[in-house]
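Peer 1: In this text, residue positions in the sequence shown follow my numbering: the first is 774, and each later residue adds one. Note that CB positions come from ideal geometry on N, CA and C, so glycine has one too. If you scroll down you'll find the structure; I have some questions about it.
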Amino acid sequence: MIQLYGHRFAAFVWKPLIALYERSVPFDFRMVDAGHPDNSAAVMDMAPAGQFPILVDGDRTVLESSSIVEYLDAAQGSAGPMIPADALKAVEARQMDGLFDDYIAAPMQIITGDAARDAAQRDAHGVAQARAKLDKAYRWFDQWMAERDWAAAGRFTLADCAAAPALFYADWAHPIADDCTALRDYRARLLARPSVARVVDEARPFRHLFPLGAPDRD
Ligand SMILES: N[C@@H](CCC(=O)N[C@@H](CS)C(=O)NCC(=O)O)C(=O)O
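Spelled out as structure tokens, the structure:
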């Protein structure tokens, strides 16, 4: 059976989890935390920087959240692929996956990573830059979503697997402006999707880990 190494609260782990639930793929979740030192040691061994998620399927090890979602399309599951079969739609899905990773998830990680550090090691300038990047990106994605229900290809894809954790945590770290209604509506649409709702629920017991203090809302 497929094994997925990660942590239930980790944004990039949500991407393959959502795809696994969308496509009804059975798997064994290998929690990476202080309580599971063997899993942590395995991750340190398998990944160049000891990062997760990591998928192990028999002899095959797949790194990187987007590659794992793509691997599941090829190897496992019953529902439609997360990367559309149509080549141009696939480009759009991969493009939006990359944009959510780079312009929403990455600045969100800078803000939360900074908050997790000792005060003496914080980087106020870097955090201000990350917040400005998010403000600009929110406007761009708001325009993009004004014409769409899902982020790419007219249906739920890899792009939405990336968008769900990125927007979930980014809105906690640096709230999406009230007038970005299309983006806010899209975030709500993602949270109502059963695969995403399940991942959010499974992460609920770990909300105390959010370095800025989790808000009292999803
Ligand atoms: N590009 C990677 C990013 C993975 C990533 O940032 N993982 C975080 C969890 S969300 C992690 O491993 N953090 C622990 C660490 O860096 O030691 C992917 O898409 O899988």
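Using DSSP's beta-bridge definition, name the partner residues of residue 804.
Peer 2: DSSP lists 779 as partners of residue 804.
Peer 1: Using a strict less-than 5 angstroms threshold between each residue's beta carbon and the heavy atoms of ligand 1, what residues do you get?
Peer 2: 783, 784, 785, 824, 825, 837, 838
Peer 1: Check the C-beta distance from residue 786 over to residue 825 and give it rounded, since I have them as a contact under 8 angstroms.
Peer 2: 6 angstroms
Peer 1: If you run the structure through DSSP and keep just helix, strand and coil, what is residue 820?
Peer 2: Reduced to three states, the DSSP call for residue 820 is coil.
Peer 1: With a threshold of 8 angstroms, are at least 3 pairs of Cβ atoms found where one atom belongs to the region 937–945 and the other to the region 871–881?
Peer 2: yes
Peer 1: Helix, strand or coil: which one does DSSP assign to residue 924?
Peer 2: coil
Peer 1: From the DSSP output, in three-state form, read off residue 841 for me.
Peer 2: Reduced to three states, the DSSP call for residue 841 is helix.
Peer 1: Which whole runs of the alpha helix (DSSP H) in the region 953–978 are 4 residues long or more, in chain order?
Peer 2: 954–965, 967–976
Peer 1: By a C-beta neighbour count over all protein chains shown, 10 Å radius and 16 as the cutoff for buried, is residue 869 buried or exposed?
Peer 2: buried
Peer 1: Alpha carbon to alpha carbon, how far is residue 838 from residue 909?
Peer 2: Approximately 25 angstroms between the Cα atoms of the pair.
Peer 1: Distance, Cα to Cα, residue 982 vs residue 796?
Peer 2: Residue 982 and residue 796: Cα-Cα distance of roughly 29 angstroms.
Peer 1: In this structure, how does DSSP classify residue 877 when only helix, strand and coil are distinguished?
Peer 2: helix
Peer 1: Count the other CB atoms, across all protein chains shown, that sit within 10 Å of the CB of residue 915; report buried if there are 16 or more and exposed otherwise.
Peer 2: Result: buried.
Peer 1: Which residues bound the alpha helix (DSSP H) around residue 908?
Peer 2: 897–918
Peer 1: Under three-state DSSP, which class holds residue 944?
Peer 2: helix
Peer 1: Cutting at 7 angstroms between CB atoms, please list the residues of its own chain near residue 896, excluding the five before and the five after it.
Peer 2: Here the set comprises 887.
Peer 1: From this set, 811, 965, 961, 792, which residue's C-alpha is nearest residue 932's C-alpha?
Peer 2: 792
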